[in-house]
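Heads up: the structure comes next, in C-alpha cells.
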Amino acid sequence: SQQGEEDPQALSIQEGENATMNCSYKTSINNLQWYRQNSGRGLVHLILIRSNEREKHSGRLRVTLDTSKKSSSLLITASRAADTASYFCATDSGAGSYQLTFGKGTKLSVIP
Amino acid sequence: DTGVSQDPRHKITKRGQNVTFRCDPISEHNRLYWYRQTLGQGPEFLTYFQNEAQLEKSRLLSDRFSAERPKGSFSTLEIQRTEQGDSAMYLCASSLYIAGGLQETQYFGPGTRLLVL
Numbered sequence: 277s278q279q280g281e282e283d284p285q286a287l288s289i290q291e292g293e294n295a296t297m298n299c300s301y302k303t304s305i306n307n308l309q310w311y312r313q314n315s316g317r318g319l320v321h322l323i324l325i326r327s328n329e330r331e332k333h334s335g336r337l338r339v340t341l342d343t344s345k346k347s348s349s350l351l352i353t354a355s356r357a358a359d360t361a362s363y364f365c366a367t368d369s370g371a372g373s374y375q376l377t378f379g380k381g382t383k384l385s386v387i388p
Numbered sequence: 490d491t492g493v494s495q496d497p498r499h500k501i502t503k504r505g506q507n508v509t510f511r512c513d514p515i516s517e518h519n520r521l522y523w524y525r526q527t528l529g530q531g532p533e534f535l536t537y538f539q540n541e542a543q544l545e546k547s548r549l550l551s552d553r554f555s556a557e558r559p560k561g562s563f564s565t566l567e568i569q570r571t572e573q574g575d576s577a578m579y580l581c582a583s584s585l586y587i588a589g590g591l592q593e594t595q596y597f598g599p600g601t602r603l604l605v606l
C-alpha cells in the first residue's frame with residue numbers, strides 16, 4: 277500500500293521558475309527521502325531528512341519536514357528543462373523495518 | 490550512475506513462462522532490496538536481504554516469486570508461471586547497513602521492465 281501522497285500529481289512550469297511538491301504520509305516515520313525518476317528509468321536519490329530535522333538543503337533543492345502534520349515539501353529553485361521527471365517521497369517507519377514506502381509521485385514538466 | 494546494475498533491462502515473455510532477473514548491488518553494500526513499480530504508481534516493496542539472509546518479504550511476494558542472494562553479493566528474482574498482472578518494472582536497490590547506525594540511503598538500479606503477453 278502507498279504510504280505517501282504527493283501533491284500535485286502533475287506540475288508544469290517555465291524554466292527558471294521554482295517548483296514546489298508536497299508529500300503527506302500516514303504513520304510515524306524514521307526518515308523521509310525524495311527520489312527523482314526520469315521516464316522509464318530507475319530512481320535517483322535526491323535528499324534524506326530525518327524525523328528530528330525540519331529543513332535540509334542540497335544545491336537547488338530545499339526539503340522541509342513537519343512531523344506534526346505528517347507532511348514534507350520539496351522545493352526546486354531556478355528549474356531547468358533537465359529537472360523534468362517524476363518526483364517521489366519515500367518513508368521508512370524504523371522499528372526494524374527498512375522497506376521504503378513510496379507515494380504515487382508528482383510529474384514535473386519544465387518548459388524551456 | 491548509482492552503481493547498481495540490473496539485467497536484463499527489458500523482458501517480454503508469454504504468460505505461463507518463467508523469468509529470472511539479476512541485480513548486482515554496489516560492491517560494499519550488504520543490503521539489497523527488490524521493489525515493483527506499475528505504471529503511474531510509486532515502487533512497492535517486495536523483499537530485502539542482509540548479506541545472504543532474506544529478512545523481510547511483502548505480502549505482494551506470492552509463492553510464484555522467489556528471490557535469492559546466495560553469496561551475499563548479486564541477487565536473482567524469479568517469477569514462475571508468469572501472469573499478465575506481473576507486467577511491471579522490477580527495481581533493485583542496495584544500501585550499506587551499519588549496526589546501531591541511522592537509516593541508510595537506498596541506491597536504485599535502472600530496473601528491468603517486464604511485459605507478459
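As they're listed, the protein sequences go chains P and X. With the first letter of the first sequence counted as 1, position 82 gets the number 358 in the numbering used here; the numbers rise by one all the way through. With the first letter of the second sequence counted as 1, position 117 gets the number 606 in the numbering used here; the numbers rise by one all the way through. Beta carbons: idealized from backbone N, C-alpha and C, even for Gly. Just so you know, these numbers come straight off a predicted model, no measurement behind them.
Given 8 Å, three or more beta-carbon pairs between the segment 593-606 of chain X and the segment 573-582 of chain X: yes
Interface partners of K346 of chain P on chain X, CB under 9 Å: Chain X residues near K346 of chain P: none, gap ~17 Å exceeds 9 Å.
Residues bridged to R558 of chain X (per DSSP): R558 of chain X is not bridged to any residue.
Per-residue DSSP class, three states only, for A354 of chain P: coil
CB contact below 8 Å: P599 of chain X versus chain P: yes
Proximity test, Cβ basis, 8 Å: Q543 of chain X and chain P: Interface annotation, Q543 of chain X: not in contact with chain P, CB-CB separation never under 8 Å.
Within 9 Å of chain X by C-beta, residues of the segment 325-336 of chain P in sequence order: R326
is_contact[K226 of chain P, chain X] using C-beta, thresh 8 Å: Since the first residue of chain P shown is 277 and the last is 388, residue 226 of chain P is not available in this structure.
Assigned secondary structure, Q539 of chain X (DSSP; H/G/I helix, E/B strand, else coil): strand
The segment 493-506 of chain X contacting the segment 296-307 of chain P, beta-carbon criterion three pairs below 8 Å: no
Q375 of chain P: contacting residues in chain X (beta-carbon distance under 8 Å): Y522, F534, Y537, E545 and S547
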